[in-house]
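Residue 41 in our numbering is what sits at position 32 of the sequence shown, and the numbering runs on without skipping anything.
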Amino acid sequence: MAVPKVRKSRSRTRHRRSVYLRYNKPAISICDHCGQPKTPHTVCPHCGYYKGRQVINVEE
């Protein structure tokens with residue numbers, strides 16, 4: 010099995026990763042309760058609901 014002879018530096022690894030991340034926009038879903046955009050699999054920051062139930066209290 011091939012083994013690299015020289016370790017790749019952090020800057021090379023991060024540069025390669027940044028090129029990939031540059032073209033991908035963050036995923037956005039719509040909250041079922043309030044209809045505001047939010048990131049998937051997270052509590053809605055606007056209303057505090059997750060999977061149909063209130064998880065945190067949000068002062069409005």
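Ideal Cβ positions, reconstructed from N, Cα and C, are used throughout, including at glycine. This one's a predicted model, so the numbers in the text were calculated from it and none came from an experiment.
Flag this pair as yes or no: are the beta carbons of residue i and residue j separated by less than 8 Å?
| i | j | result |
| --- | --- | --- |
| Thr48 | Pro35 | yes |
Could you compute how far the alpha carbon of residue i sits from the alpha carbon of residue j?
| i | j | result |
| --- | --- | --- |
| His55 | Gly61 | 14 Å |
| Ile37 | Leu30 | 16 Å |
| Val67 | Asp41 | 16 Å |
| Arg16 | Asn33 | 27 Å |
| Pro46 | Arg25 | 30 Å |
| Thr22 | Val28 | 10 Å |
| Glu63 | Ala11 | The residue you asked about is not Glu; residue 63 is Gln in the sequence shown. Taking the straight line joining both Cα atoms gives about 52 Å. |
Could you spell out the range, first to last residue, of the alpha helix (DSSP H) harbouring residue i?
| i | result |
| --- | --- |
| His42 | Neither: His42 is in no alpha helix (DSSP H) and is coded neither H nor E. |
Pull up the DSSP beta-bridge partners for residue i, would you.
| i | result |
| --- | --- |
| Ser27 | DSSP, once it has assigned bridges, lists no residue as partnering Ser27. |
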